[in-house]
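Here the structure comes first, spelled out in structure tokens, and everything after it is commentary.
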Amino acid sequence: MKTIPYILIGIRFFLAPIIILLSYLKDAESRFIILTLMYIGLLTDIFDGIIARKVGVSSEKLRRLDSQVDLVFWMSLGFAAYFLNPTLIRDEWQSILLIFIMEALCYITSWIKFGKETCTHAWLSKLWGLSLLLAFTYLIGFQTTGWAFNLTIILGFISHLDVIMIILILPKWNYDVPSFYHALRIRRGAERKKTTFFN
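Using this note's numbering, read the sequence shown as starting at 0 and increasing by one per residue.
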């Protein structure tokens, strides 16, 4: 049971190149397979954390691995969406660039402050993941952007802002911080302990 979370993360990692290869076929069947793999990947992402906590293997190493594989998996879907719908993606390049900039800022801020990548798994990031699922379903399955794409851009900006605030607020690197409010509570708790110690 303790290896299952790692297996689920590994499945998501190996789905990424398959998704990119399928996107080169550019036919209805490959689009359907890509969407199926996307939903399978989402299920592995949901259950790896649940199982890890249940069997007591939810460690820093596992959560960092999970975050990096998530990035690879969703990037593969982004490339697939571009290969399948290059005109649609080019038309929305400014919005997409904004998300890439925000993602880069999260990593840069975390590396500058803590010397390692971010691994917050915040609630808003999970919500953004669900909106990405909708956006890619519309992009890959129906070759359109519309409200689902606009929603994922808005949630993407807000969720990345939340992560940056978490990083800036935390007194030391931590993983699985649900929101900037929880980061504030962690900081205040650390400050109270520090004050108590010196008094």
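All C-beta atoms, glycine included, are put in the ideal place defined by N, C-alpha and C.
For Gly114, the number of other beta carbons within 10 angstroms of its own is below 16, and it is reported as exposed. Using a Cβ distance threshold of 7 Å, Arg30 and Phe72 do not count as a contacting pair.
Asp26 has its alpha-carbon roughly 31 Å from the corresponding atom of Ser66. When DSSP states are grouped into helix, strand and coil, Gly114 belongs to the coil group. Measuring C-alpha to C-alpha distances from Leu42 to each of Val54, Lys60 and Leu14 identifies Leu14 as the nearest. Under the three-state reduction of DSSP, Thr2 is assigned to coil, being neither helix nor strand. Put simply, the backbone Cα of Ile139 is about 33 Å away from that of Lys60. At a Cβ-Cβ threshold of 7 Å, Cys118 and Arg52 do not count as neighbours. In the three-state reduction of the DSSP assignment, Asn173 falls in the coil class, being assigned neither a helical nor a strand state.
Closest in alpha carbon position to Ser130, among Lys112, Leu154 and Thr144, is Leu154. In the DSSP assignment, Ala147 falls within the alpha helix (DSSP H) that extends over Gly145 to Ile168. Per DSSP, reduced to three states, the secondary structure at Leu132 is helical. Residue burial annotation: Leu76 is buried, with at least 16 other C-beta atoms found within 10 angstroms of its C-beta.
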